[in-house]
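K.L.:
Quick one: the structure is below, questions incoming.
Residue numbers (this note's numbering): 30 to 314.
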């Protein structure tokens, strides 16, 4: 609407009417009232941090300063749409192994509780020597059917304890960094997490710099929305190196978290003076 020449206040009121979220609806109502009184859009939005993060606010402010607010809003819309698509793909990819794991556990429980005890009686009657794996499975079956279920309770308690400890450790900065580095190295899922995090970094960083946000400020914003502590640590290191006169591609290469292809493309972008365009290409991969 804004690109078509519709006044800003009118656009905000239309969005307010169309929104089904109470918080956003209220925020748009307050923002449209302030903009109508002459307040800058970014300044009015900044009063509603629950609805608009630093990334959104910085891009809108840069668009206002550069007189290209319509272009910035369009880029934001494209970026948010791609982010939503990426998150949807990650959730779909993560739901498949969960389903498989649930089915596998159900089958395993059925075998150890009902099927294997029947076979155990048959094997006892025959009196033949059993393979090592069969003996192992029969042992697990006997373990699962032990009464009172002290071993089972102990095993479940251990699993719960490990999960609680993991949750508590993950809430700390060092713990989150430790586990996020491990997540990036996981088979299959590590590759998915890495690609999505790098694509998110490149897309957001490229959009910010193209919109006129200073590089150091852009990196600070990207660091805060990286979604992975290992990626965020690399971005912060790159920000400090650039502040000291270094290059982002060299800094990221030293941390060895980003894929070499992505780093090489950034290096080419720095050499040709088209870093933002190269970042957008990497983010689209």
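Ideal Cβ positions, reconstructed from N, Cα and C, are used throughout, including at glycine.
Just so it is clear, the structure is predicted and the values come from calculations on it, not from any experiment.
By the three-class DSSP mapping on this structure, what secondary structure does residue 142 have?
P.N.:
Helix, per DSSP.
K.L.:
With DSSP as the reference, label residue 236 as helix, strand or coil.
P.N.:
Of the three classes helix, strand and coil, the one that applies to residue 236 here is helix, per DSSP.
K.L.:
Shortest alpha-carbon distance to residue 310 belongs to which of 94, 161, 152 and 233?
P.N.:
Nearest C-alpha to residue 310: 233.
K.L.:
What ranges does the alpha helix (DSSP H) occupy inside the region 246–277, keeping only unbroken runs of at least 4 residues that lie completely in it?
P.N.:
If we require 4 residues or more, the alpha helix (DSSP H) runs fully inside the region 246–277 come out as 258–272.
K.L.:
Since residue 222 contacts residue 212 with CB under 8 Å, what's their CB separation in whole angstroms?
P.N.:
About 6 Å; that satisfies the 8 Å criterion.
K.L.:
Would a C-beta distance cut-off of 8 Å place residue 70 and residue 93 closer than the cut-off?
P.N.:
Closer than 8 Å, so yes.
K.L.:
Consult DSSP for residue 187 and reduce its assignment to one of helix, strand or coil.
P.N.:
In the structure shown, residue 187 sits in a helix (DSSP, three-state: H, G or I).
K.L.:
Using the Cβ count rule (16 or more neighbours within 10 Å means buried), how would you classify residue 39?
P.N.:
Result: exposed.
K.L.:
If I follow the unbroken alpha helix (DSSP H) through residue 300, where does it start and stop?
P.N.:
Residue 300 -> alpha helix (DSSP H) spans 289–301.
K.L.:
Counting beta carbon pairs with one atom in the region 187–199 and one in the region 271–285, are three or more of them shorter than 8 Å?
P.N.:
Contact between the region 271–285 and the region 187–199 is absent, because fewer than three Cβ pairs lie under 8 Å.
K.L.:
By how many angstroms is the C-alpha of residue 156 removed from the C-alpha of residue 129?
P.N.:
Roughly 36 Å between the two C-alpha positions.
K.L.:
Please list the segments of the alpha helix (DSSP H) lying wholly inside the region 61–121, counting only runs of 4 or more residues, in order along the chain.
P.N.:
DSSP runs (the alpha helix (DSSP H)) wholly in the region 61–121: 70–74 and 83–95.
K.L.:
Would residue 9 be called buried (16 or more neighbouring beta carbons within 10 Å of its own) or exposed?
P.N.:
For residue 9 there is no data in the structure shown, the boundaries of the chain being 30 and 314.
K.L.:
For residue 310, does the three-state DSSP call read helix, strand or coil?
P.N.:
It is helical.
K.L.:
Counting along the chain, where does the alpha helix (DSSP H) carrying residue 215 start and finish?
P.N.:
It is not in any alpha helix (DSSP H) - residue 215 carries neither H nor E in the DSSP assignment.
K.L.:
Quick check on DSSP: helix, strand or coil for residue 242?
P.N.:
Here residue 242 sits in coil by DSSP.
K.L.:
Quick one: measure Cβ to Cβ for residue 236 and residue 108, integer angstroms, because I've assumed they're closer than 8 Å.
P.N.:
Confirmed, about 5 Å.
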